[in-house]
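Each step along the sequence shown adds one to the number in UniProt numbering, with nothing skipped, and position 51 is 51. Accompanying notes for the structure given below.
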Amino acid sequence: MGQLLGCGAYVSELKRSSCGPFELDNALDASLLEHISKEDLLEKILPPESVCPAATSYICGVEDAERLINGLHVPLYRLKRENFAEYSSTSGNIIVRSEKIFSICKFKDQDDPYVLLPAVNIINDRSN
């Protein structure tokens, strides 16, 4: 901004108060992590599905869940769209989930926008 006005400028403090559906008022202070019990911490941790409104999400079947778990690509046409992102994002992350997996995926490449590759997988081994 200073460059546009022809003068110097700097930011002395910058504080993010929200990110998508998440508000700072609902955050847990990191200094409390050393003093909170495991049970209380587990109670406060949001489930992975809480990010779904912030990203476009799809539901996958058993076969595609296994493919994602093994790091393989999944064609978009085999997935059932759950929702479109409520918040704009330039990250291009797509959520694919089932009872067994919660996967943050990216498009395989720009030339093939209909194939997803897993970037991060959270596997629920209790769904067997």
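In this text, a Cβ means the ideal position worked out from N, Cα and C, and glycines have one as well.
Quick one: what does DSSP say residue i is sitting in, helix, strand or coil?
| i | result |
| --- | --- |
| P47 | coil |
| Y77 | helix |
| I101 | strand |
| D109 | strand |
| L42 | helix |
| L28 | coil |
Taking C-alpha atoms, which residue in the options lies nearest to residue i?
| i | options | result |
| --- | --- | --- |
| I123 | V115, Y114, S98 | S98 |
| L28 | V11, N93, L46 | L46 |
| V11 | S17, G92, G2 | G2 |
| F84 | V62, E66, D64, T56 | T56 |
Please go through the same chain and pick out, in chain order, the residues whose beta-carbon is closer than 7 Å to the beta-carbon of residue i, but skip the five residues on each side of it.
| i | result |
| --- | --- |
| K80 | Y58, I59 |
Going by the DSSP bridge assignment, what does residue i pair with across the sheet?
| i | result |
| --- | --- |
| S57 | N83, I95 |
| I69 | Answer is none; I69 lacks a bridge partner. |
| E23 | S18 |
| I36 | Partner(s): none; I36 has no beta bridge. |
| N121 | S103 |
| L116 | V74, F107 |
Who are the near neighbours of residue i in its chain, counting only those whose CB is closer than 8 Å to its CB and skipping five residues on each side?
| i | result |
| --- | --- |
| L42 | none |
| L68 | C60, V74, V96, I101, S103, C105, P118, N121 |
| P48 | R97, F102, I122 |
For the alpha helix (DSSP H) holding residue i, just list the boundary residues, first then last.
| i | result |
| --- | --- |
| E13 | Premise fails: E13 is in no alpha helix (DSSP H) and is neither H nor E. |
| G2 | 2–5 |
Within the same chain, show all residues whose beta-carbon is closer than 6 Å to that of residue i, passing over the 5 residues directly before and after it, in chain order.
| i | result |
| --- | --- |
| P115 | According to the sequence as given, residue 115 is Val; it is not Pro. Result list for V115: H73, P75, K108, in chain order. |
| T90 | For T90, the predicted model reports a pLDDT of 47, less than 50, meaning its position is unreliable and no value from the coordinates is stated. |
| S17 | L24 |
Is residue i close to chain B, meaning its C-beta is less than 7 Å from at least one C-beta of that chain?
| i | result |
| --- | --- |
| R97 | Among the protein chains of the structure shown there is no chain B, as only one such chain exists. |
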